[in-house]
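Before any comments, here is the structure.
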Amino acid sequence: MKDQTLSRRQILGGATAITAATVLGAANSAQAQPAAVTPDLGRSQAPTITDVKDKVAYITGGSSGIGLGIAKVFFEAGMKVVIGYVSDRHIGDALKQFPAGHPRLHAIRQDVMDRDSWKRVADEIENHFGVLNVLVNNAGVGLQPLVSTGTLKDWDWGLGVNLMGPIYGINTFVPRMLASKQGCHIVTTTSTSGILPGSGAGIYTVSKIAAVGLMEELRHELRESNIGTSAFVPGLTTSNIGDSEKVRPENLQNEGDASAAEAPNRPAPAAPATAAARPAASATVSPAAQRPQDPLTAGRFVLDGILHNDMYIVAQPEWRIGVEARANALLESMHPFKPLPEEMYKRSLYRTPIYVQEIAHRKATQNRDIKGI
51 MKDQTLSRRQ
61 ILGGATAITA
71 ATVLGAANSA
81 QAQPAAVTPD
91 LGRSQAPTIT
101 DVKDKVAYIT
111 GGSSGIGLGI
121 AKVFFEAGMK
131 VVIGYVSDRH
141 IGDALKQFPA
151 GHPRLHAIRQ
161 DVMDRDSWKR
171 VADEIENHFG
181 VLNVLVNNAG
191 VGLQPLVSTG
201 TLKDWDWGLG
211 VNLMGPIYGI
221 NTFVPRMLAS
231 KQGCHIVTTT
241 STSGILPGSG
251 AGIYTVSKIA
261 AVGLMEELRH
271 ELRESNIGTS
281 AFVPGLTTSN
291 IGDSEKVRPE
301 NLQNEGDASA
311 AEAPNRPAPA
321 APATAAARPA
331 ASATVSPAAQ
341 RPQDPLTAGR
351 FVLDGILHND
361 MYIVAQPEWR
371 IGVEARANAL
381 LESMHPFKPL
391 PEEMYKRSLY
401 RTPIYVQEIA
411 HRKATQNRDI
421 KGI
């Protein structure tokens, strides 16, 4: 879906758990604050699915690009796979990549912006395969308009697919998953733009930052339930997302198609790529290092992330320096100017344990053997 992508073993390597008191105490160097002991915030949520064989998965936008890569990896792993699609042409080509008429494969046409369609889809999946174990909110559009000049139709379309689609999916399936009491997992495909703005595709970036926040809050709320959660953060991947304008709904098109023609010198969120554009693979180069990423590689990282219940499935270590700069800019903006009363440090300043827990989880599981990587 966006920028550059995947290579995962070094992710969050060297990240340090810093207490709120330590951070603010450093900022208050003129008057040292009382030392605080990092509280024991417990272990991160254990994987809710440890064996995907015969589990049921629904992948929105699953007929091409990253979605199709995820569908193929899930099918290869023995899952019952439901592919969501909007284009008859794409689903026809996608189904040719699976055994004809296979009982573990089903396709459903759905526009994820159609709120009323979600109950129909959920009922159809349950009638066909049973309880849904894995929801992958993958459908997305790569619109290019800037935040400052985009039209309200641009906003309605970009947020409608990239943010409201996942929200509708969560709203529909979380109650059903909780009621099932089975191990379940929800993944939402976000983007490098969701953790590092600046691509030039402003509305797209806002939608993806919001999608990351959606999954973080969901993690906090469901961390003691039977539902695992992950924000998948891919980078530049071979897909059709660069052709998104071709499928923009008629009622959300701008007069004169201004949005598609605007700012031609700005990069698309993720342009479609050909095999010729990808560096030649070799015995010494992991598929994870290829740019643009192959959708199958993306799918393998998603499956691994589900099995480990990773809060973030990020596989692009080259962007770490930018993410650190963004985080540090925020931290440097939290200088208190004058010493704060000691009482302000006597309560928990974490709000949620999920970040400290995820740091420990990723440090403990950095060395992974991912099939096909």
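Here this note's numbering runs 50 ahead of the position in the sequence shown, where the first position is 1. All C-beta atoms in this analysis are idealised placements derived from N, C-alpha and C, irrespective of residue type, glycine included.
What residue does the beta strand (DSSP E) around Phe-282 start on, and which one ends it?
277 to 283
Consult DSSP for His-385 and reduce its assignment to one of helix, strand or coil.
coil
On the DSSP bridge list, what partners appear for Arg-159?
Tyr-135
So, are the CB atoms of Tyr-135 and Trp-168 less than 7 Å apart?
no
Measure the beta-carbon distance from Leu-196 to Tyr-108 and round it to whole angstroms, keeping in mind my assumption that it falls under 8 Å.
The Cβ separation is near 33 Å, so there is no contact.
Rounded to whole angstroms, what is the Cα-Cα separation between Pro-302 and Leu-193?
A small correction: the amino acid at residue 302 is Leu; Pro does not occupy that position in the sequence shown. In a straight line, the C-alpha of Leu-302 is about 12 Å away from that of Leu-193.
Euclidean distance between Cα positions of His-411 and Lys-396
27 Å
Check whether the Cβ of Tyr-405 sits closer than 6 Å to any heavy atom of the ligand NAP, and report yes or no.
The model depicted lacks the ligand NAP and carries no ligand whatsoever.
Please list, in chain order, all residues of the same chain as Ser-230 whose beta carbon is under 7 Å from its beta carbon, the five residues on each side excluded.
Val-181
Reference Thr-238; option with closest CA among Arg-273, Gly-119, Ile-363:
Ile-363
Taking DSSP's pairing of strands, which residues face Tyr-362 in a bridge?
Ala-281
Identity of the residues DSSP links to Thr-238 by a beta bridge
Asn-187, Ala-281
Classify Ser-57: buried if its beta carbon has 16 or more other beta carbons within 10 angstroms, exposed otherwise.
The predicted model places Ser-57 with a pLDDT of 32, which falls under 50 and marks its position as unreliable; any figure quoted below should be read in that light. With 16 or more Cβ atoms within 10 Å of its Cβ, Ser-57 is classed as buried.
Using three-state DSSP, classify Val-352 as helix, strand or coil.
helix
Based on DSSP bridge pairs, tell me the residues matched to Tyr-108.
Val-132, Leu-185
Could you name the residues of the same chain whose beta carbon sits closer than 6 Å to that of Lys-258, not counting the 5 residues immediately before and after it, in chain order?
Thr-240, Ser-241, Ser-243, Gly-244
Any chance the region 352 to 370 sits against the region 117 to 124, with 3 or more Cβ pairs inside 8 Å?
yes
Taking only the alpha-carbon atoms, compute the straight-line gap between Ala-318 and Pro-89 and give it to the nearest angstrom.
Because the pLDDT of Ala-318 is 41, which lies under 50, any placement of that residue in the model is unreliable, and the question is left without a value.
Excluding sequence positions up to five away, which residues of its chain have a Cβ less than 7 Å from the Cβ of Met-163?
Gly-210, Val-211, Met-214, Gly-215
Taking DSSP as the reference, what is the three-state secondary structure of Ala-77?
For Ala-77, the predicted structure reports a pLDDT of 40, less than 50, and the residue's modelled location is therefore unreliable. The matter cannot be settled from this model.
Where Thr-334 sits in the DSSP three-state scheme:
coil
For Gln-303, the three-state DSSP class (helix, strand or coil)
coil
Closest by C-alpha distance to Gln-95, when choosing among Ser-249, Gln-366, Lys-105, Asp-360
Asp-360
Residues near Leu-118 in its chain [Cβ-Cβ closer than 7 Å; skip 5 each side]:
Gly-112, Ala-144, Pro-345
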